[in-house]
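Numbering (the numbering used here), first residue to last: 22 to 456. For every residue, glycine included, the Cβ atom is placed at its ideal position computed from N, Cα and C.
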């Protein structure tokens, strides 16, 4: 880990009431003294005139906080400048700090990475922070907070403790099999490991819903040109997102809108009207629509009158499909699952309720979800597979011992206890600068 002192704007860019600049590293105390005239008492806010550390020019009046190494968010000396949120004020401080010897701008996720490296958080908690920053709905927030509070870490620690006890039995048998008071591991391994294996498999089975809750329930608006897809998108988003026109083929590319429906994250995608066309750009849009159908959790097939979608347009396994008759205020629907009019609101409440019901079935409510990422699920499945292998009849104890070590290593990778360097860069690169 670099010993550089880093800084970054931790609040959003642009005009605001206040802004927070974070600093972390060995030079923090020195920098705060140069900026505020002193290093504040640890964990107490100090109000002062804040200066350019090079020229001494007053840049603002604000609060300064200092947290010493070991008792700070990053595990090293840490400071905050709480200043007015005008763009000129922020730019003045960031420019001044960037030109001060011994300081450099933080990379994305570098504050969180330093916290992880110094043992302030495990890797699953770091991922919880990333999910909390990205959370757009109440359920996503609750799921992220559960990860941040260490729910997965505690479960992994329980599993690893059980594996250590099992490994001790096996190693004792290997090393002291001639001692009369050493119990044979076969008598104790299965009662210890079989419930553990089943618990891991059950959590892995539940994981796809939690993974999907992070990403959102994907709904595609499909149908021929001029079937009302863009009008419905605007109605559900409650703002003009897509251009609505009587000219066929207006929508050339996919338009995504993220919605909060009853706390559930729903991504609504308007697509190009499905038809054969000579227009090269429209044809590309149609091609992209057909490629996306297989990813959808739910497809809404829109048509005037509620016509059946062509069988070859809705790919097998593409999720549920609702046939919707649009413009129901002027046309009589025939055979549709639902009739709506985005212009008058007819049927809209029923459509929203149906989307919510299907999203709840697919995503769940986030309660008790521990494995929220594909990485977690894959590692828990690997650990469970090692346990299953260890319980095979007639297996040599040396091989059983290696199976248990494999399960322990897989669990350690979830929380970053062992050999995770290959995933660190990818995880922290997703963070905002200043986090």
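List the endpoints of the continuous beta strand (DSSP E) containing residue i.
i: residue 29; result: 26-30
i: residue 48; result: That residue, residue 48, is in no beta strand (DSSP E); it is neither H nor E in DSSP.
i: residue 240; result: 238-243
i: residue 458; result: Coverage of the chain is limited to positions 22 through 456, which leaves residue 458 absent and any answer about it impossible.
i: residue 72; result: 67-72
i: residue 288; result: 285-291
i: residue 414; result: That residue, residue 414, is in no beta strand (DSSP E); it is neither H nor E in DSSP.
i: residue 60; result: Premise fails: residue 60 is in no beta strand (DSSP E) and is neither H nor E.
i: residue 355; result: Unbroken run through residue 355: none, as it is neither H nor E.
i: residue 86; result: 79-88
Would you give the residue range spanned by the alpha helix (DSSP H) that residue i belongs to?
i: residue 435; result: 418-436
i: residue 407; result: 395-411
i: residue 159; result: 159-169
i: residue 153; result: 144-155
i: residue 120; result: Where residue 120 is concerned, there is no enclosing alpha helix (DSSP H), given that its DSSP letter is neither H nor E.
i: residue 253; result: 250-258
i: residue 134; result: 131-138
i: residue 382; result: 369-384
Report the CB separation of residue i from residue j in whole angstroms; it is logged as a contact under 8 Å.
i: residue 46; j: residue 26; result: 3 Å
i: residue 288; j: residue 279; result: 6 Å
i: residue 85; j: residue 61; result: 5 Å
i: residue 30; j: residue 40; result: 6 Å
i: residue 316; j: residue 239; result: 6 Å
i: residue 345; j: residue 357; result: 6 Å
i: residue 169; j: residue 150; result: 6 Å
i: residue 230; j: residue 385; result: 5 Å
i: residue 180; j: residue 432; result: 6 Å
i: residue 187; j: residue 166; result: About 33 Å; that fails the 8 Å criterion.
i: residue 144; j: residue 437; result: 3 Å
i: residue 435; j: residue 177; result: 5 Å
Buried or exposed for residue i, please, with buried defined as at least 16 other CB atoms from any protein chain shown within 10 angstroms of its CB.
i: residue 416; result: exposed
i: residue 182; result: exposed
i: residue 397; result: buried
i: residue 276; result: buried
i: residue 4; result: The structure shown has nothing for residue 4, since the chain only spans 22 to 456.
i: residue 78; result: exposed
i: residue 376; result: buried
i: residue 112; result: exposed
i: residue 185; result: exposed
i: residue 236; result: exposed
i: residue 101; result: buried
i: residue 290; result: buried
For residue i and residue j, I'd like the C-alpha separation in whole angstroms.
i: residue 66; j: residue 42; result: 14 Å
i: residue 408; j: residue 194; result: 18 Å
i: residue 147; j: residue 159; result: 19 Å
i: residue 452; j: residue 32; result: 13 Å
i: residue 54; j: residue 455; result: 22 Å
i: residue 296; j: residue 243; result: Confidence at residue 296 is low in this model, with a pLDDT of 47, below 50, so its placement is unreliable and the value that follows should be read with caution. Residue 296 and residue 243: Cα-Cα distance of roughly 11 Å.
i: residue 228; j: residue 107; result: 44 Å
i: residue 411; j: residue 425; result: 7 Å
i: residue 105; j: residue 34; result: 12 Å
i: residue 117; j: residue 378; result: 53 Å
i: residue 192; j: residue 210; result: 12 Å
i: residue 68; j: residue 76; result: 20 Å
i: residue 219; j: residue 232; result: 20 Å
i: residue 373; j: residue 282; result: 8 Å
When you compare the CB of residue i with every CB in chain B, is at least one pair closer than 7 Å?
i: residue 369; result: The question asks about chain B, but that chain is absent: this structure has only one protein chain.
At a cut of 8 Å, does the region 213-231 reach the region 245-264 through at least three beta carbon pairs? no
Inter-stretch contact (C-beta, 8 Å, three-pair minimum) for the region 133-143 and the region 86-98: yes
With three or more beta-carbon pairs closer than 8 Å as the criterion, would you say the region 400-413 touches the region 357-375? no
Does the pairing of the region 120-135 with the region 418-431 give three or more beta-carbon distances under 8 Å? Three or more beta-carbon pairs separated by less than 8 Å are not found between the region 120-135 and the region 418-431, which leaves the two stretches without contact.
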